[in-house]
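J.: This is the structure I want to talk about, given as structure tokens.
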Amino acid sequence: MDKKNKTAFVLCLLYLGFIAGASLTAVPPLKIEIPNLDKAMHVALYIPLGFLLSLLKIFSGFFLNFFLPLGFGSLYGAILELLQHFVPGRTPSWGDEIANILGMGIGLGFGFLVKFLTHKESFPRM
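Mapping the sequence shown onto my numbering, position 83 (from 1) lands on 314, and the numbers just tick up by one.
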């Protein structure tokens, strides 16, 4: 594992801990009701995770580099949603899990776009 991959791996682990802390901490209800704020926060929380996972070079090929991290992030989010059942003031929600998956997909897509735009080697012509 090269230095960039190690750095991305450590950042992923730290961010996974941050998400767990944010997801499993009891929070008081907001005094002002903003529609879908919770879902937007879930999407925003998982975009950086998707981006960080896109930086890891574990597998070769788009399928494994996109869908395995997407599956991992989805499973991680689902586990945290289920654990929220045991946290006072928190309730699990399928809508939150869908927002987590959406955020992961956006982050992974953004990461692959950045890789594509910053690729230094010339592409073969067809």
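Glycine residues also receive a C-beta, built at the ideal position from the N, C-alpha and C atoms.
This one's a predicted model, so the numbers in the text were calculated from it and none came from an experiment.
Got a sec? Which residues, its chain only, sit under 6 Å from S305 by beta carbon, not counting five neighbours each side?
T.: Working through the sequence shown from its first residue, we reach residue 305 at position 74. So the qualifying residues of the chain are I332.
J.: Should E312 go down as buried or exposed, given a rule of 16 or more other Cβ atoms within 10 Å for buried?
T.: Stepping through the sequence shown from its first residue, residue 312 is reached at position 81. E312 comes out buried.
J.: Whole-angstrom Cβ separation of L286 and A239, contact assumed at under 8 Å?
T.: The residue you call residue 286 lines up with position 55 of the sequence shown. The residue you call residue 239 lines up with position 8 of the sequence shown. The Cβ separation is near 4 Å, so the contact holds.
J.: Check H350 in the structure and name its three-state DSSP category.
T.: Locating residue 350 in the sequence shown gives position 119, counting from the first residue. Correct three-state label for H350: coil.
J.: Under three-state DSSP, which class holds M232?
T.: Indexing the sequence shown from 1 puts residue 232 at position 1. DSSP places M232 in coil when its eight states are reduced to three.
J.: Give the straight-line distance between the Cα atoms of V274 and F294, rounded to the nearest whole angstrom.
T.: The residue given as residue 274 occupies position 43 in the sequence shown. The residue given as residue 294 occupies position 63 in the sequence shown. In a straight line, the C-alpha of V274 is about 22 Å away from that of F294.
J.: Can at least three beta-carbon pairs, one atom from the segment 316-335 and one from the segment 250-264, be found at a separation below 8 Å?
T.: Cβ pair count under 8 Å is three or more, so yes.
J.: When burial is assigned at 16 or more other CB atoms within 10 Å of the CB, is M335 buried or exposed?
T.: The residue you call residue 335 lines up with position 104 of the sequence shown. By the 10 Å Cβ count, M335 comes out buried.
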